[in-house]
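Residue numbers (the UniProt record's numbering), protein chains in the order written: chain A, 1 to 217; chain B, 1 to 180.
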């Protein structure tokens, strides 16, 4: 008896479903990825073995660029206005409420205190480290001390994360002057933003990590 | 698979003289597309998790005005690291010899061994590292050397201003090293 012919089935697998899943995931990741916004101040941070992620709330960020210019940023708009208010009083800048309101909209400050109004009037694309002169931090005219004093008053009793983000090629004196401004206002605790780096093998920290000892906070 | 139904809804036969065109398969091979899709997914997964910056903590001591209020480091257990321009590193143990006899040059690769050796040879309570960057050194160097502290489990270290004599010694050594 002749066997009935079994039709040979194709071995091609239907890829449609897999393709669907792949692109669903793809669109999810594309949409959720926060791309680094093109930064107004360009800084390449050095790397360290510190494993703690930099805080993102209650941040007071001092940025030091390659050429030693210093900028101050704050994440909280209300605090920004309060700090400006305090500074307006202590330095007798004579800014009106409307001026303060417009200056408080700035994401970072990078001019001598007397020129804050001009920075607020500048178009946003122009507010980069190439154009803005930075906050003066010379030993003779360290305005960072005034900024930090105002910030210390506003943030008193509240959590404040003082961050320093310096460029690889920033010279040490500018960093030292920034530290002086912290010290003068009794702000002894600050953090430096770095890129993560792997721990070199065979060192004490490497052994401690192997043994499962958590680094001290 | 992903193809369109082109048969025309079971439609009418063509006339007797009309030749049937050979029906071509409209199936598309989706494998490369899936490949590409997953490649992009892996790319996005890796880039999203890797880019969060970390932060190094630093506690500064309060500046003591009077010398007698300052923390005295035991001289024998002190290792002073000096940083100069162009990634140069110098160090001396204890007090600096007036003639500069114990003033040694090093670099960022070798300084770790220096720290480890010094740590082994001194009692843990006396061991302290003093970091003195001069005005020509870069921020990166300062971070790098401070990074060596947790790497080598150094508990006590301080960032101190460089003294005039030390700075001159650093510059003199740099100048003599740069000569051919």
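We put the CB at the ideal spot given by N, CA and C, even for glycine. Being a predicted model, the structure only gives us computed values, none of them experimental.
Straight across, the Cα-Cα distance linking residue 64 of chain A with residue 170 of chain A is about 7 Å. In this structure, residue 103 of chain B sits near residue 169 of chain B, with a CB-CB distance shorter than 8 Å. Against chain A, a Cβ distance below 7 Å from residue 57 of chain B picks out 191. Here residue 189 of chain A has 162 as same chain residues with Cβ atoms under 8 Å from its own Cβ, once five neighbours each way along the sequence are excluded. Annotated as proximal: residue 151 of chain B and residue 199 of chain A, with beta-carbon spacing under 8 Å.
Linking residue 166 of chain B to residue 80 of chain A through their CA atoms gives a straight-line distance of about 42 Å.
At a cut-off of 8 Å between beta-carbon atoms, residue 169 of chain B makes no contact with chain A.
With respect to residue 197 of chain A, residue 67 of chain A sits apart: the two C-beta atoms are not nearer than 8 Å. For residue 139 of chain B, no beta strand (DSSP E) run applies; the uninterrupted alpha helix (DSSP H) run containing it begins and ends at 139-151, by DSSP. Against chain B, the CB of residue 166 of chain A has a partner CB under 8 Å away; the residue lies at that interface.
At a cut-off of 8 Å between beta carbons, residue 53 of chain A contacts chain B. Taking a Cβ-Cβ cut-off of 7 Å, the neighbours of residue 30 of chain B in chain A comprise 15, 16, 19, given in sequence order. Between the segment 85-95 of chain B and the segment 86-100 of chain A there are fewer than three inter-stretch CB-CB distances shorter than 8 Å, so the stretches are not counted as touching.
Its chain contains 132, 134 as the residues whose beta carbon lies nearer than 6 Å to that of residue 162 of chain B, once the 5 sequence neighbours on both sides are disregarded; these appear in chain order. Within the DSSP bridge table, the entry for residue 184 of chain A names no partner. Residue A:177 holds the alpha-carbon nearest to the alpha-carbon of residue 141 of chain A among A:106, A:177, A:160. In the DSSP annotation of this structure, the continuous segment of the alpha helix (DSSP H) that includes residue 102 of chain A starts and ends at 97-104. Shown here, residue 129 of chain B sits in a strand according to DSSP, grouped into three states.
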